[in-house]
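One point on numbering: in our numbering, the residue at position 155 of the sequence shown is 222, and numbering is uninterrupted.
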Amino acid sequence: MAMEYEDLLLEKSDGIATVTLNAPDKMNALTVGMRRSLLRIKDELAADDTVKVVVVTGTGRGFCAGADLSGKGSTEPTRQQKIGFLGPDFGADVFISLDKPVIAAINGAAVGAGFSLALSMDIRIASEAARFGAVFVLRGLSPDCGITYFLPRLIGTARAMEMMYTGDIIGAAEAKDLGIVSRVVPPDELMTTAYELAGRIITQAPFSVELTKKMVYRAFRDDWARQIEMEAIANQITKPTEDSREAVRAFFERRPPPPYKGR
Numbered sequence: 068m069a070m071e072y073e074d075l076l077l078e079k080s081d082g083i084a085t086v087t088l089n090a091p092d093k094m095n096a097l098t099v100g101m102r103r104s105l106l107r108i109k110d111e112l113a114a115d116d117t118v119k120v121v122v123v124t125g126t127g128r129g130f131c132a133g134a135d136l137s138g139k140g141s142t143e144p145t146r147q148q149k150i151g152f153l154g155p156d157f158g159a160d161v162f163i164s165l166d167k168p169v170i171a172a173i174n175g176a177a178v179g180a181g182f183s184l185a186l187s188m189d190i191r192i193a194s195e196a197a198r199f200g201a202v203f204v205l206r207g208l209s210p211d212c213g214i215t216y217f218l219p220r221l222i223g224t225a226r227a228m229e230m231m232y233t234g235d236i237i238g239a240a241e242a243k244d245l246g247i248v249s250r251v252v253p254p255d256e257l258m259t260t261a262y263e264l265a266g267r268i269i270t271q272a273p274f275s276v277e278l279t280k281k282m283v284y285r286a287f288r289d290d291w292a293r294q295i296e297m298e299a300i301a302n303q304i305t306k307p308t309e310d311s312r313e314a315v316r317a318f319f320e321r322r323p324p325p326p327y328k329g330r
């Protein structure tokens, strides 16, 4: 039986917890409610000894379409904007700090903050329908949610910079070639593949699995925290700019933004 949180679903079965991003009308964009629910779910999963592995996916056609930009027309940065959209107060480290394996079953678009969120998970499996993009620049924004830390380490600085400079979208096959995802499967095999992998992990020694995750992330956690802080500072600069406000308006009006003015 699925338990409902705001814009999220949680289901537990046979040692596996499935977290489903559930705002399909917004392609599962990260709403305020979803961010709060992620923090609550993390606490619940951490306290539940019956849960051994977590699988994260999305409802409908998208995995996560990034930040929910609706209602962000204010010229003054809000507190959320000042700390970064998914900064320390809103769970950027929710899956890293959870001492249980987390598998992303990426069913569709993972762009912007949704791409960042996927990168924060331990293992990523993609549907052939999945798409990936660091599209922040297309909205006049700076990259956040940890993507400037994870992406260069996964695919190299030059390729990561190209993705972040251009906002280009790549398909699942290219994402696998780059090392962003470990497997690409047909859409109807995505969850089966994720659950099969989760089942294999469950059979391993629990302390070994937990300590493996702790040691891997301990090696760079301090650097990652500093990078999140830098992303938040950059967001404080870019989000109130005229360029960003106009780019966001253009996005919702489905038109290209006018030439940027640098202010």
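Just so you know, even glycine gets a beta-carbon here, dropped at the ideal spot from N, CA and C.
Exercise for review: Please name the residue, chosen from Ala84, Ala317, Asn89, Asp81, that lies closest to Gly207 on a Cα-to-Cα basis.
Suggested key: Here residue 207 refers to the residue found at position 140 when the sequence shown is read from its first residue. The shortest Cα separation from Gly207 among Ala84, Ala317, Asn89, Asp81 belongs to Ala317.
Review point. Which same chain residues, not among the five before or five after Gly100, have their C-beta less than 6 Å away from its C-beta?
Key: Mapped onto the sequence shown, residue 100 falls at position 33. So the list reads Glu73, Asp74, once near-sequence residues are dropped.
Practice item. Put Ala261 into one of helix, strand or coil per three-state DSSP. Key: On the sequence shown, residue 261 is found 194 positions in, with the first residue counted as 1. DSSP places Ala261 in helix when its eight states are reduced to three.
Review point. Straight-line CA distance for Leu76 to Pro324?
Key: What you label residue 76 is simply residue 9 of the sequence shown in a count that begins at 1. What you label residue 324 is simply residue 257 of the sequence shown in a count that begins at 1. Computed Cα separation, rounded: 35 Å.
Exercise for review: Leaving out five residues on either side along the sequence, give the residues of the same chain with a beta carbon under 6 Å from the beta carbon of Gly127.
Suggested key: Locating residue 127 in the sequence shown gives position 60, where the first residue counts as 1. Cβ neighbours of Gly127 beyond the five flanking positions: Pro91.
Review point. Cα separation between Arg220 and Met188?
Key: Reading the sequence shown from its first residue, position 153 is the one you call residue 220. Reading the sequence shown from its first residue, position 121 is the one you call residue 188. C-alpha separation (whole angstroms): 14 Å.
Point to revise | Heavy atom of the ligand GDP within 8 Å of Arg267 beta-carbon | key: Absence of the ligand GDP is noted for the structure shown, with no ligands found whatsoever.
Point to revise | Closest residue to Pro254 among Glu229, Ile83, Thr124 (Cα-Cα distance) | key: Numbered from its first residue, the sequence shown carries residue 254 at position 187. Considering only alpha carbons, the answer is Thr124.
Exercise for review: Compute the Euclidean distance between the alpha carbons of Lys280 and Asn174, then round it to the nearest angstrom.
Suggested key: The residue given as residue 280 occupies position 213 in the sequence shown. The residue given as residue 174 occupies position 107 in the sequence shown. One C-alpha to the other measures close to 24 Å.
Practice item. May I have the straight-line CA-CA distance separating Ile197 from Arg321, to the nearest angstrom? Key: As a position in the sequence shown, residue 197 is number 130, starting the count at 1. As a position in the sequence shown, residue 321 is number 254, starting the count at 1. It should be pointed out that residue 197 corresponds to Ala in this sequence rather than to Ile. So the two alpha carbons sit approximately 22 Å from each other.
**Study point:** Contact set for Met230: own chain, Cβ-Cβ below 6 Å, skip 5 residues either direction
**Key:** Walking along the sequence shown from the start, residue 230 turns up at place 163. If we look at Met230 and ignore the five residues flanking it on each side, its Cβ neighbours are Ala201.
Practice item. Helix, strand or coil for Glu71, going by three-state DSSP, please let me know. Key: Walking along the sequence shown from the start, residue 71 turns up at place 4. Three-state result, Glu71: strand.
Exercise for review: Please report how far the alpha carbon of Leu186 lies from the alpha carbon of Val178, in whole angstroms.
Suggested key: Along the sequence shown, read from residue 1 onward, the residue named residue 186 stands at position 119. Along the sequence shown, read from residue 1 onward, the residue named residue 178 stands at position 111. Spanning the alpha carbons of Leu186 and Val178 requires a straight line of approximately 11 Å.
Review point. What is the C-beta distance between Ser183 and Asp211, in whole angstroms, given that I count them as a contact (C-beta under 8 Å)?
Key: Against the sequence shown, residue 183 aligns to sequence position 116. Against the sequence shown, residue 211 aligns to sequence position 144. Between Asp211 and Ser183 the Cβ distance is about 7 Å, and since that is below 8 Å, they are a contact.
Point to revise | Cβ shell of Ile192 (< 6 Å), same chain only, five flanking positions each side left out | key: The sequence position of residue 192 within the sequence shown is 125, counting from 1. Excluding sequence neighbours, Ile192 sits near Ala172, Arg250, Thr260, Ala261.
Exercise for review: Please state whether DSSP places Ala299 in a helix, a strand or coil.
Suggested key: Counting from one through the sequence shown, the residue named residue 299 turns up at place 232. Looking at Ala299 - three-state DSSP - the assignment turns out to be helix.
Exercise for review: Let me know if Ala113 comes out buried or exposed under the rule of 16 or more other beta-carbons within 10 Å of its beta-carbon.
Suggested key: Residue numbering aside, residue 113 sits at position 46 when the sequence shown is read from its first letter. Around the CB of Ala113, fewer than 16 other CB atoms lie within 10 Å, so the residue is classed as exposed.
Check your understanding: When we look at the beta-carbon of Tyr216 and count the other beta-carbons within 10 Å, is it buried (16 or more) or exposed?
Key -> Looking up residue 216 in the sequence shown gives position 149. Answer is buried; the Cβ neighbour count reaches 16.
**Study point:** Beta bridge counterpart(s) of Glu313 as assigned by DSSP
**Key:** To locate residue 313, count along the sequence shown from 1; it is residue 246. DSSP, once it has assigned bridges, lists no residue as partnering Glu313.
Exercise for review: Can you grab the Cα-Cα spacing for the pair Ile163 / Gly181, in whole Å?
Suggested key: For this step, residue 163 is matched to residue 96 along the sequence shown. For this step, residue 181 is matched to residue 114 along the sequence shown. The alpha-carbon separation between Ile163 and Gly181 amounts to approximately 15 Å.
Check your understanding: When the Cα atoms are used, what is the spatial distance from Lys79 to Glu71?
Key -> Walking along the sequence shown from the start, residue 79 turns up at place 12. Walking along the sequence shown from the start, residue 71 turns up at place 4. Spanning the two alpha carbons is a distance of roughly 12 Å.
Exercise for review: State buried or exposed for Ser311, treating a residue as buried only when at least 16 other CB atoms are found within 10 Å of its CB.
Suggested key: What you label residue 311 is simply residue 244 of the sequence shown in a count that begins at 1. So Ser311 ends up on the buried side.
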